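Undergrad:
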Amino acid sequence: MEREHIDQVVQVHLRAFTEFFTSFLGPGFLREFYRSFTEDPMGIGLVAEDTESRKVVGSVAGPLSPAGYFKRLLKRRWWAFCLGTLWAALKRPSIVPRLFRAMFYRGESPSGPDRALLCGVSVDPDAQRRGIGKTLVDAWAAEVRRRGGTGCFLVTDAHDNEAVNQFYAKCGWRVESTFARPDGRVMNRYVFDFQPQDREAKGD
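Take the sequence shown: its letter number 58 is residue 58 in this note's numbering, and every next letter is one higher.
Okay, structure coming up:
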């Protein structure tokens, strides 16, 4: 993912996740969020492009190490995030507590070794059912492994989210735990740990 991809990545996200909280926060917030993966050395962002039009049809992003990543992001660009989310907060003041939690998100890492956090994968609705999502997730995990990571994790809703849970299960990720957030949402935490031979192959 390069800076010139950001606008297209944001549009794909908005088209893919029309009812999601991050989409409600608007393109300004998303632009700053995805921009971080092109600037922070811990950021890993990949895009899928249509072979003919070179148009972005999907993306995946997450930090190699979530520890301190979002804190650095907020410290560097706090004013941009405030401006980017102002419209959403004015339109629906009830989201302010959730917005505050999002600003100070720490990744909800599982116990054990430090793992890379997969923040999300999005595929344009017109390009779905072509295996792009799985290709992106597999490529992102491969990049984590190439950079010396021991594994990956992600967090997604446990209920009313069957398609997403089935998707990650088919990608080879396993549910490490299920937990409830302070707001009552029940979440599945998935992990994808690399086998010892995978890490040894990196050094061959």
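By construction, the Cβ of each residue, glycine as well, lies at the ideal position given by its N, Cα and C atoms. Treat the numbers as computed from the prediction; the structure is a model and nothing was measured.
1. My output table needs one value for residue 163: the three-state DSSP class, helix, strand or coil.
2. Rounded to whole angstroms, what's the CA-CA distance from residue 1 to residue 8? Just pull it up for me.
3. Which of helix, strand or coil does DSSP assign to residue 7?
4. Assign residue 130 to buried or exposed, taking buried as 16 or more other Cβ atoms, counted over all protein chains shown, within 10 Å of its Cβ.
5. Need the endpoints of the alpha helix (DSSP H) that residue 194 sits in, please.
6. Excluding five sequence neighbours on each side, which residues of the same chain lie with their C-beta closer than 7 Å to the C-beta of residue 50?
7. So what does residue 178 bridge to, in DSSP terms?
8. Does the count of Cβ pairs from the region 113–120 and the region 55–73 closer than 8 Å reach three?
9. Measuring straight from C-alpha to C-alpha, what distance separates residue 162 and residue 156?
10. When DSSP labels each residue in this structure, what does residue 16 get in the three-state scheme?
11. So who's on the other strand from residue 157, going by DSSP bridges?
TA: Here's the rundown:
1. helix
2. Answer to the nearest angstrom: the Cα atoms are 11 Å apart.
3. In this structure, residue 7 counts as helix in the three-state DSSP scheme.
4. exposed
5. Residue 194 -> no alpha helix (DSSP H), and no H or E assigned at all.
6. 57
7. Per DSSP, 188.
8. yes
9. Those two C-alpha atoms are separated by around 10 Å.
10. helix
11. As a beta-bridge residue in DSSP terms, residue 157 pairs with 187.
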